[in-house]
Amino acid sequence: MDLLFWGLTFRIIGEVILGLAVIGVHWRIVKEHRIDGKVLKDIRRERNLAIIAIILMAVGYALELTFYEFL
7 MDLLFWGLTF RIIGEVILGL AVIGVHWRIV KEHRIDGKVL KDIRRERNLA IIAIILMAVG
67 YALELTFYEF L
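Quick note, the numbering used here runs 6 ahead of the 1-based positions in the sequence shown.
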């Protein structure tokens with residue numbers, strides 16, 4: 007049960023972070039009406055968050071596969 011719990015937890019955290027990253031960048035672009043230094047800085051920060059989110063989703067997936075004994 008622990009592997010399934012952690013797998014699902016990591017996956018949902020990754021999905022939420024990824025969603026927030028996308029929303030954050032789009033919000034900044036809409037607010038600024040142009041892409042300048044501030045927006046580019048936010049895009050870089052959101053890119054790093056998106057990478058972390060993807061890693062969490064991959065770890066969650068691996069834990070779920072282990073729980074269901076596919077690995």
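No residue lacks a Cβ here, since even glycine has one placed at the ideal position from N, Cα and C.
All values derive from a computational prediction rather than experimental measurement.
Whole-angstrom C-beta distance between residue j and residue i, which should lie under 8 Å
| i | j | result |
| --- | --- | --- |
| residue 16 | residue 62 | 5 Å |
Residue-level contact to chain D via CB, residue i, 9 Å cutoff
| i | result |
| --- | --- |
| residue 69 | In the structure shown, chain D does not exist; there is a single protein chain. |
Pick from the options that is closest to residue i, judged by C-alpha positions
| i | options | result |
| --- | --- | --- |
| residue 34 | 53, 49, 76 | 49 |
| residue 56 | 26, 9, 8, 18 | 26 |
| residue 51 | 38, 36, 30 | 30 |
| residue 28 | 70, 76, 54, 73 | 54 |
With 16 other Cβ atoms within 10 Å as the buried cut-off, status of residue i
| i | result |
| --- | --- |
| residue 13 | buried |
| residue 59 | buried |
| residue 23 | buried |
| residue 43 | exposed |
**Q.** Start-end ranges of the alpha helix (DSSP H) lying completely within the region 13-41, minimum 4 residues
**A.** none
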